[in-house]
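Here is the structure we will look at.
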Amino acid sequence: MSSLPIRVFLVEDSPVSLVILQRMLSSSTDIQVVGTARNGIEALQLIPQVEPTVICTDFYMPGMDGLEFTKQIMAEYPRPILVISASVQPDNTHNIFQLLEAGAVDVFPKPGAGLATDYELVKQELITKIRVLSGVTVFTKQRRFPMTQSSSSGSTPSTNYPTSTEARIGLNTGPKRVLALGASTGGPQALQAVLRPLPASLPFPVLCVQHISEGFLQGLVNWLKAECRLHVKIAQAGEVPLAGTVYFAPERSHLELDRQGKFLCSVSPLVDGHRPSVTVTFNSVAKFYGKAAIGTLLTGMGRDGAEGMRAIAEAGGLTIAQDEKSSIVFGMPKEAIALGAAQHVLPINDIANFITSKVLPKKF
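For the sequence shown, position 234 matches number 239 in the working numbering, and the numbering has no gaps at all.
Structure, rendered in structure tokens:
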């Protein structure tokens, strides 16, 4: 492992926020702030000179905003980008997540003044993000995923699907199958790739656990609503998961299923360092759905989800791990593969079609 410090460049127009960020990052001996700029125009002039490892940027800046800046960085000087911005509000949700679509890797809430109580926690979370990003794979070309029915054979079996209404009614016993997805760093982009091609008439629900900084989950949900044809929402305790709907584990809560197949949202202890935990959801899915469960682990750091994927495999379900080449961080999928829990290892662009080709032509 290199002993050289992680070189960070900050693009921030707020003097107060800039001072806080510099103070936080400079407290770590393995991180060096090598430059700052007030907007994207200044940053593009300075970045080639200082050669940063990681770039941090806000969205709203004078002259050139974060989106245009990210696009130009990806085209001219690709580096891992962390979006540091205020928690996503309804009116700017799409803007923040457009940066991820343009090539930024992750988001983090902007630290403000008056952080006396949480300062150390926020500082450590930010430092951890920077360390993770310093080793990620940067993809210079982002791909859009058309909302069309397709399969690897080129056929379009959509005429055999029930309509969206048909798929969602008459479900007093619940759908007979489920797709469970787990992701961390790089997850929003990966989830877009998997969910966008799926038909609105998908005859089973999708359960998602995404590790994301607090305050950004609703923004992610709103962004994905606009990006795919499935219903997308945050799961609520007591709900029965419906076909054609994507449910995200709530912030700071594990997502499980009770004996009737209704959602349980608990604040029980962290698992694999996380709450919500992918493993907790996968274990519950394996127990309730058994061989009708599909477990998919996407890009992310750590090992959360690996044990849960093994539970799905042992229950007779279908398991898929994103491959190393298409993963921004090949951690969680790698751990599942090492456990022998991943039956299939696929590029992110192939996962949706693989799932539909495996299960949609069948009656379940």
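Where a beta carbon is used, it is the ideal one built from N, C-alpha and C, also for glycine. The model shown is predicted, which means the values in this text are computed figures rather than measured ones.
Below 8 Å on the Cβ atoms is my contact criterion, and I expect residue 36 with residue 11 to pass it. Report the Cβ-Cβ distance as a whole number of Å. On the sequence shown, residue 36 is found 31 positions in, with the first residue counted as 1. On the sequence shown, residue 11 is found 6 positions in, with the first residue counted as 1. So it is a contact: roughly 5 Å between Cβ atoms.
Which partner residues of residue 114 appear in the DSSP bridge assignment? Counting from one through the sequence shown, the residue named residue 114 turns up at place 109. According to DSSP, which records beta bridges pairwise, residue 114 is partnered with 90.
Cβ-based neighbour list, residue 195, same chain, cut-off 6 Å, excluding 5 preceding and 5 following: Residue numbering aside, residue 195 sits at position 190 when the sequence shown is read from its first letter. If we look at residue 195 and ignore the five residues flanking it on each side, its Cβ neighbours are 188, 303, 304 and 353.
Less than 6 Å between C-beta atoms, sequence neighbours within five positions excluded: which residues of the same chain meet that for residue 336? Translated into positions along the sequence shown, residue 336 becomes position 331. For residue 336, where only same-chain residues beyond five positions count, the Cβ hits under 6 Å are 305, 306 and 307.
Look at the alpha carbon of residue 135 and the alpha carbon of residue 87, and state the distance between them as a whole number of angstroms. As a first step, residue 135 must be located in the sequence shown, where it is residue number 130. As a first step, residue 87 must be located in the sequence shown, where it is residue number 82. Between residue 135 and residue 87, the C-alpha separation is close to 8 Å.
Which of helix, strand or coil does DSSP assign to residue 22? Position 17 of the sequence shown, counting from 1, holds the residue named residue 22. Here residue 22 sits in helix by DSSP.
Bounding residues of the beta strand (DSSP E) (the contiguous stretch that carries residue 350): Here residue 350 is taken as the residue at index 345 of the sequence shown, counted from 1. It spans 349-351 - the beta strand (DSSP E) in which residue 350 sits, taken as one unbroken run.
On the DSSP letters alone, give me the boundaries of the alpha helix (DSSP H) that residue 12 sits inside. Translated into the one-based positions of the sequence shown, residue 12 becomes position 7. Careful: residue 12 lies outside any alpha helix (DSSP H), inside the beta strand (DSSP E) at 11-16.
Where does residue 102 fall in DSSP's three states? The residue labelled residue 102 in the question sits at position 97 within the sequence shown. The answer is helix: DSSP assigns residue 102 an H, G or I state.
When we look at the beta-carbon of residue 330 and count the other beta-carbons within 10 Å, is it buried (16 or more) or exposed? Here residue 330 is taken as the residue at index 325 of the sequence shown, counted from 1. Residue 330 should be labelled exposed.
Would DSSP call residue 41 helix, strand or coil? Your numbering for residue 41 matches position 36 in the sequence shown. Looking at residue 41 - three-state DSSP - the assignment turns out to be strand.
Pick out whichever of 182, 294, 269 and 247 has its Cα sitting closest to the Cα of residue 360. As a first step, residue 360 must be located in the sequence shown, where it is residue number 355. Comparing Cα-Cα distances from residue 360 to each of 182, 294, 269 and 247, the minimum goes to 182.
Tell me whether the stretch 289-300 and the stretch 195-206 touch, counting them as touching only if at least three CB pairs, one residue from each stretch, are closer than 8 Å. Verdict: no, contact absent.
For residue 80 and residue 52, the rounded distance between their alpha carbons: For the purposes of this step, residue 52 is taken as residue 47 along the sequence shown, with counting starting at 1. For the purposes of this step, residue 80 is taken as residue 75 along the sequence shown, with counting starting at 1. Their Cα atoms are separated by approximately 13 Å.
Going straight from the alpha carbon of residue 185 to that of residue 285, what length do you get? In the sequence shown, residue 185 corresponds to position 180, counting from 1. In the sequence shown, residue 285 corresponds to position 280, counting from 1. Rounded to whole angstroms, residue 185 to residue 285 spans 11 Å at the Cα level.
Kindly indicate the opening and closing residues of the alpha helix (DSSP H) around residue 289. Within the sequence shown, residue 289 is the residue found at index 284, counting from 1. Where residue 289 is concerned, the enclosing alpha helix (DSSP H) stretches over 283-294.
Which whole-angstrom value is the C-beta distance of residue 279 and residue 216, which I expect to be below 8 Å? Position 274 of the sequence shown, counted from the start, is the residue given in the question as residue 279. Position 211 of the sequence shown, counted from the start, is the residue given in the question as residue 216. The Cβ separation is near 6 Å, so the contact holds.
Taking the alpha-carbon positions, what's the residue 347 to residue 21 distance? The residue labelled residue 347 in the question sits at position 342 within the sequence shown. The residue labelled residue 21 in the question sits at position 16 within the sequence shown. Taking the straight line joining both Cα atoms gives about 47 Å.
For chain C, check one thing: does any of its Cβ atoms lie closer than 7 Å to the Cβ of residue 338? Here there is only one protein chain, and chain C is not present.
So residue 112 packs on residue 62, CB below 8 Å; how close in whole Å? Residue 112 sits at position 107 when you count from the first residue of the sequence shown. Residue 62 sits at position 57 when you count from the first residue of the sequence shown. That pair is no contact at about 11 Å.
Run through the DSSP bridge pairs and tell me what residue 325 is partnered with. Indexing the sequence shown from 1 puts residue 325 at position 320. According to DSSP, residue 325 bridges with 301 and 349.
Report all residues from its chain with a CB closer than 6 Å to the CB of residue 209; omit the five preceding and five following residues, and keep chain order. Counted from its first residue, the sequence shown places residue 209 at position 204. If we look at residue 209 and ignore the five residues flanking it on each side, its Cβ neighbours are 180, 182, 183 and 248.
Can you give me the C-alpha to C-alpha distance between residue 45 and residue 39, rounded to a whole angstrom? In the sequence shown, the residue the question calls residue 45 occupies position 40. In the sequence shown, the residue the question calls residue 39 occupies position 34. Straight-line Cα distance between these residues: approximately 16 Å.
Checking the sheet assignment: what are the DSSP bridge partners for residue 233? Counted from its first residue, the sequence shown places residue 233 at position 228. DSSP lists no partner for residue 233.
May I have a chain-ordered list of the alpha helix (DSSP H) segments no shorter than 4 residues that lie completely inside the stretch 192-279? 192-200 and 222-232
Neighbourhood of residue 267 by C-beta distance below 7 Å, restricted to the same chain and skipping five residues each side: One-based indexing of the sequence shown puts residue 267 at position 262. Cβ neighbours of residue 267 beyond the five flanking positions: 243, 244 and 245.
Can you tell me the Cα-Cα spacing of residue 108 and residue 205, whole angstroms? Counting from 1 along the sequence shown, the entry for residue 108 is found at position 103. Counting from 1 along the sequence shown, the entry for residue 205 is found at position 200. Between the alpha carbons of residue 108 and residue 205 lies a gap of roughly 27 Å.
Terminal residues of the beta strand (DSSP E) in which residue 320 lies: Taking the first residue of the sequence shown as position 1, residue 320 is located at position 315. Residue 320 -> no beta strand (DSSP E), and no H or E assigned at all.
To which residues does DSSP link residue 184 through a beta bridge? Translated into the one-based positions of the sequence shown, residue 184 becomes position 179. Paired residues: 211 and 299.
Assuming residue 214 and residue 282 make a contact with CB atoms under 8 Å, what is their CB distance in whole Å? The count along the sequence shown starts at 1 and reaches residue 214 at position 209. The count along the sequence shown starts at 1 and reaches residue 282 at position 277. So it is a contact: roughly 7 Å between Cβ atoms.
Same chain, Cβ closer than 6 Å to residue 262, five either side skipped, listed in chain order: For this step, residue 262 is matched to residue 257 along the sequence shown. Within the same chain, residue 262 has close Cβ partners 289 and 293.
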